[in-house]
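Taking UniProt numbering, the leading residue of the sequence shown gets 1, the next gets one more, and so forth.
Glycine included, each C-beta is placed from N, C-alpha and C at the ideal position.
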Amino acid sequence: MYLQYVGILELIFEEIISEKIVMKGLGRLVVTLKSKIRCLKLKNPYDKMEKSESMRVEIRSRKARKLIEETLKIADSPKSKTFTF
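Written as C-alpha cells, this is what we have:
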C-alpha cells in the first residue's frame with residue numbers, strides 16, 4: 001500500500017516537473033518572439049530635432065524648480081528633522 005502511494009506521488013511530481021519545463025520553454029519562446037518583433041519594427045520615420053540653447057535652459061530650469069519644490073516639501077513636512085546651525 002505504501003509503495004503504491006510512493007509510486008503515485010512520483011508520477012505526480014514527474015508530471016509537475018515536466019509541466020514546469022514546458023512552461024519555461026514556452027516562456028523563453030515568448031521572450032524570443034517579442035525581441036524579434038521589436039527588432040522588426042521600423043524606426044521612427046522622422047529625424048530627431050536638435051535641442052537649441054533656449055530649450056536646454058528651459059529643461060534645466062524645470063529640473064531646478066522640481067528639485068526646489070521637493071526640497072521645500074520635505075523641509076515643511078512635520079516628519080522631517082531640520083537642524084539650525
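Asked: Alpha-carbon spacing of Ala64 relative to Ser52, whole angstroms; Found: 19 Å
Asked: Helix, strand or coil at Met49 according to DSSP, with G and I counted as helix; Found: coil
Asked: Length of the line joining the Cα atoms of Glu50 and Lys24; Found: 44 Å
Asked: Helix, strand or coil at Ser35 [DSSP, three-state]; Found: helix
Asked: Helix, strand or coil at Ser77 [DSSP, three-state]; Found: coil
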